[in-house]
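Visitor: I'd like to ask you about the structure that follows.
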Amino acid sequence: RGVGEMLEDLGHRAESILYKVFERTRGQVNLFERFTRYDLKYPQRAECGNVHFAPNSVRDYDWGNPRPVLSLCDQWYHFPRLDGNPKLVDAHEWGGGDIRAHHRWWLHHFPHITGESDGIAWNWWQYVIDPNTVP
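Per this note's numbering, the very first residue in the sequence shown carries number 7; after that it's consecutive.
Laid out in structure tokens, this is it:
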């Protein structure tokens, strides 16, 4: 196993912890649910996807899919402002199918700024690194 698989393990850790962080929130205030949207499950409303599904994936591990879809993924760079316009994205955004490139791209979109809403920190990394801080 290589670095890509290590990043996948980290991604699954992050998913598990962040599902716990947001377990009591529903709808648009569940920011992790929103973050993990992908086009197959949420047509025309893709954001960053999850560890197994890029925004345009049609099956697990489909990180090399060239199909363009509209996504709000780059709005996460402006968190907490998530009100921008979607853009067309495809596998070139996250490395053209490379496991390491996709996972680094995905993890890089996590909010990591000071602040909070509804008792949840805007720095998701604090939870990933130290699960004891989960509210």
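In this text, a Cβ means the ideal position worked out from N, Cα and C, and glycines have one as well.
Identify which residue in Phe41, His108, Arg30 has its Cα closest to the Cα of Tyr67.
Guide: His108
Visitor: If you draw a straight line from the alpha carbon of Phe38 to that of Phe28, how long is it in whole angstroms?
Guide: 7 Å
Visitor: Assuming Pro72 and Ala52 form a contact by the criterion Cβ under 8 Å, report the distance between their Cβ atoms to the nearest whole angstrom.
Guide: Going by Cβ atoms, the distance from Pro72 to Ala52 rounds to 15 Å, so no, they are not a contact pair.
Visitor: Tell me the rounded alpha-carbon separation between Ile119 and Trp128.
Guide: 6 Å
Visitor: Apart from the five residues just before and just after Val9, which ones in its own chain have a Cβ nearer than 6 Å to its Cβ?
Guide: For Val9, the CB contacts under 6 Å within the same chain, skipping 5 residues up- and downstream, are Arg106 in chain order.
Visitor: Looking only at DSSP bridge pairs, what is Val95 linked to?
Guide: Val75
Visitor: In the structure shown, what three-state DSSP assignment does His18 receive?
Guide: Helix.
Visitor: Tell me the rounded alpha-carbon separation between Leu117 and Tyr83.
Guide: It should be noted that the sequence gives Pro, not Leu, for residue 117. Answer to the nearest angstrom: the Cα atoms are 7 Å apart.
Visitor: Using only CA atoms, which one of Met12, Lys26, Leu13 lies nearest to Asn138?
Guide: Lys26 is the residue among Met12, Lys26, Leu13 whose C-alpha sits nearest the C-alpha of Asn138.
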